[in-house]
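Numbering (our numbering), first residue to last: 16 to 306. Cβ coordinates follow ideal geometry from the N, Cα and C atoms, glycine included. Reading through the structure tokens given below for one structure.
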Amino acid sequence: MMWCHLWIKSILTICLHPHTSYLAGSFGSYAEDVSDLISHLGLHKVIHIGTSGGGPYACACAALLPHSTAALGLVASMTHCAGPGSSHLVQGMDCFNRIGFSCIAYAPLLTSLGLALAAPFVRVTAAAASAAVDATDRTAAGSVYSSGGGSQGGVQLAGIASVVGKAALWLAGATLPRPDRAALMQQPRKFLRILPAALADSFCQGSRGVFADMRSTTLPWDLNLSSINAPTVVFQGDADVNVTVNMAQWLQQQIPGAELRLLPDEAHFSLVANHSADMLSELLSKVHRTT
């Protein structure tokens with residue numbers, strides 16, 4: 016019954032409000048929110064870093080908030096995937112992503128309905144996976160300080176959860192390029208903690224926000240990237256099939272003075288997993304040289 020009510024609610028939301036899925040909010044309104052946050056925290060300048068689908072929002076902040084932007088970092092950042100010039104940008108992208116972006120751009124109502132139907136399942140399963148990781152951590156930690164049969168059970172439970180989690184990551188990464196599969200398997204706890212929690216958060220208020228985000232980033236952006244005057248570095252793995260090298264090169268060409276760092280044998284997840292500290296250090300060094 017719970018599933019039934021959740022799906023009925025999702026369908027009614029789309030049917031009664033078919034346009035608010037992608038007309039509410041904009042890059043400009045997002046930049047305004049970030050500007051308010053910067054002011055509230057009493058900050059003068061900040062570094063905007065956008066990863067994957069966060070790249071367009073980081074670009075928006077750099078373009079619309081020039082006086083508070085110290086630098087811009089784009090990490091495996093997407094560009095628009097539909098409209099003029101998009102066929103070149105998506106060359107090399109995996110087939111599943113290309114189909115998904117095409118559906119978002121050219122069949123928005125159908126895609127919105129599909130997300131609404133999937134949202135309850137995604138929300139519940141992602142939250143359950145995240146909770147299972149937390150419970151396993153607590154059980155494993157408790158076994159260190161306890162004694163007797165209970166600790167044996169805790170260790171066994173933690174071991175089973177670890178094996179199941181690694182198997183789930185292996186299945187999830189079966190279609191990913193080798194660097195991403197390696198990153199998933201080398202740091203399973205990190206990804207098991209981050210990915211389900213992020214997925215649960217994205218659908219916690221339904222599917223409309225997810226669709227609005229995907230629609231805004233898929234269609235050509237209403238942003239003047241040539242107005243960005245902060246030091247900018249575009250980081251990209253050459254084995255990434257979620258976001259292509261062509262996209263990284265396009266971003267470099269659109270943003271004045273932007274530098275491209277093309278990292279060999281790195282893909283979408285592995286780029287962040289293996290080079291976060293180095294990327295942040297480079298952005299900080301650019302800020303220090305300009306102040």
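Cβ-based neighbour list, residue i, same chain, cut-off 7 Å, excluding 5 preceding and 5 following
i: Asp195; result: Gly188, Ala282, His283, Phe284, Ser285
i: Leu234; result: His95, Ala97, Gly98, Ala120
i: Trp265; result: Thr94, Leu104
i: Leu240; result: Cys74, Ala78, Gln269, Ile270
Beta-carbon gap between residue i and residue j smaller than 8 Å
i: Thr84; j: Ala75; result: no
i: Asn289; j: Ala198; result: yes
i: Leu298; j: Gly69; result: no
i: Ala138; j: Ala215; result: One detail in the question is off: residue 138 reads as Arg in this sequence, not Ala. A contact, by the Cβ cut-off of 8 Å.
i: Arg230; j: Pro123; result: yes
Integer Cβ distance of residue i from residue j, believed to fall under 8 Å
i: Met93; j: Thr232; result: 6 Å
i: Arg208; j: Val248; result: Contact doesn't hold; Cβ gap of about 28 Å is too wide.
i: Trp236; j: Phe42; result: 7 Å
i: Ala134; j: Pro211; result: About 15 Å separates the two Cβ atoms, so there is no contact after all.
i: Ala86; j: Ala245; result: 5 Å
Counted within 10 angstroms of its Cβ, other Cβ atoms place residue i as buried (16 or more) or exposed
i: Ser36; result: Residue confidence for Ser36 is low, a pLDDT of 38 falling below 50, so the modelled location carries little weight; the figure read from the coordinates is stated next. Label assigned to Ser36: buried.
i: Pro279; result: exposed
i: Arg304; result: exposed
i: Phe250; result: buried
i: Pro71; result: buried
i: Asp255; result: buried
i: Arg193; result: exposed
i: Leu56; result: exposed
i: Ala46; result: buried
i: Met200; result: exposed
i: Ser101; result: buried
i: Phe116; result: buried
i: Gly163; result: At Gly163, the pLDDT of 49 sits below 50, so the modelled position is not reliable; the number obtained from the coordinates is stated separately. Gly163 comes out exposed.
Reduced DSSP category for residue i - H, G, I as helix; E, B as strand; rest coil
i: Leu299; result: helix
i: Ile64; result: strand
i: Ala85; result: strand
i: Phe136; result: helix
i: Phe218; result: coil
i: Gln264; result: helix
i: Gly57; result: coil
i: Gly272; result: coil
i: Leu210; result: helix
i: Gly252; result: strand
i: Val49; result: helix
i: Val287; result: helix
i: Leu128; result: helix
i: Leu79; result: helix
i: Val90; result: strand
i: Thr305; result: helix
i: Thr232; result: helix
i: Leu238; result: coil
i: Leu199; result: helix
i: Leu191; result: coil
Neighbourhood of residue i by C-beta, 6 Å cutoff - its chain only, sequence neighbours within 5 removed
i: Glu274; result: Val248
i: Ser217; result: Val225
i: Val105; result: Cys96, Arg113
i: Val90; result: Thr66, Phe250
i: Thr126; result: Cys118, Ile119
i: Ser144; result: It is Ala, not Ser, that sits at residue 144 in the sequence shown. Correct list, in chain order: Pro211.
i: Thr259; result: Gly107, Met108
i: Gln267; result: Val249, Ala273, Leu275
i: Gly252; result: Leu278, Glu281, Ala282, Leu286
i: Ser50; result: Leu80
Contacts around residue i, its chain only, beta-carbon distance under 8 Å, and the 5 residues preceding and following it disregarded
i: Gln202; result: Ala288
i: His59; result: Ser83
i: Ile53; result: Val61, Leu80, Ser83
i: Ile175; result: Confidence at Ile175 is low in this model, with a pLDDT of 48, below 50, so the placement of that residue is unreliable and no value is reported for it.
i: Cys219; result: Arg138
The ligand ADP heavy atom lying under 7 Å from the CB of residue i
i: Lys301; result: In terms of ligand content, the structure shown is empty, and the ligand ADP therefore cannot be addressed.
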